[in-house]
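Counting from 2, one number per residue, gives the positions in the sequence shown under the numbering used here.
Okay, so here's the structure we're looking at.
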Amino acid sequence: MQDSIFHSDDYASINERLNKIYDDYLNVICPFIATFEKIDNNFPVPILNEIRALSTHIARINLSDDGKGIEENITKAERHIKRAILDCYKFLCMAYDDYYSSFELLYKNVDLSVIDNGEFLPKLMKLRKKASLSIKQAQICEALENCTENELFERYEDAYNQYAEVYNYIEDSIVNLEKAKHRVAKKDIFSIAGFVVGALGLIVGVIGIVL
């Protein structure tokens, strides 16, 4: 893109709009991707496709000397960055949901009602219920013909925030969760030991009777 066009009065906002795109990519999308990879050990292909398309439009902006072409490409780039963020919301909701399922399986034999003086489990259930409801509302909105792009974005943003709160609450309680799990493990060990001792005692008794 020629400097004379880029810095003209008619296109003074282009640089600001580009900076907003770069800021969203670095400070919104990149952290989302890092979080998703931490939880899922994967990189969502749809997000990668949006980033690829975004890069194409930015390249066209910088190589163009046509005002109309610049405006068209900056608008398309803004749409791709927004869709990329929307995909981040969707994929992280799924990742957080899978994380919760793994959490339930990992602590299924642990009495969670004893954690934080009994406050952990009720709060977790409340947060989980809100997250489940929010993602359901987002999915319903997406299925409706009259659901606008902005409304859909807001619905999934809310769902993401609710799921993130569940995830962070569990992560912040890991120390207490592991302590509770350790107590269960020790109890199981003592139970097994008691069973073994009892069984040995019974065997010895039977042998004594036989002899």
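Glycine included, C-beta positions come from ideal geometry on N, C-alpha and C.
Please read these numbers as outputs of a predicted model, since none were measured by experiment.
Assigned secondary structure, residue i (DSSP; H/G/I helix, E/B strand, else coil)
| i | result |
| --- | --- |
| E120 | coil |
| T149 | coil |
| N177 | helix |
| V29 | helix |
| N110 | coil |
| N16 | helix |
| M126 | helix |
| N42 | coil |
Residue i and residue j closer than 9 Å at C-beta
| i | j | result |
| --- | --- | --- |
| L125 | C142 | no |
| I40 | D88 | no |
| A85 | Y26 | yes |
| L113 | Y170 | no |
| A132 | Y164 | yes |
| I15 | I62 | yes |
| L122 | A78 | no |
| K239 | Y168 | As shown, the chain starts at 2 and ends at 212. That puts residue 239 outside it, with no answer to give. |
| A139 | A160 | yes |
| T149 | L93 | no |
| S174 | I116 | yes |
| L178 | V111 | yes |
Buried versus exposed, by CB contacts within 10 Å (16 or more), residue i
| i | result |
| --- | --- |
| M2 | Annotation note: pLDDT 47 at M2 (below 50); position unreliable, coordinate value reported separately. Burial call: buried. |
| I30 | buried |
| K21 | exposed |
| I82 | buried |
| H58 | buried |
| S65 | buried |
| I34 | buried |
| F105 | Here the sequence assigns Glu to residue 105, which means Phe is not the residue at that position. Classification of E105: exposed, given that the 10 Å Cβ count is below 16. |
| A181 | buried |
| E51 | buried |
4 or more residues per run - each alpha helix (DSSP H) lying fully within the segment 44 to 102: With a minimum length of 4 residues, the continuous alpha helix (DSSP H) runs that stay inside the segment 44 to 102 are 46 to 64.
Can we say the segment 60 to 79 touches the segment 36 to 51, given the rule of at least three CB pairs closer than 8 Å? Taking a contact to require three or more Cβ pairs closer than 8 Å, the segment 60 to 79 and the segment 36 to 51 do not qualify as touching.
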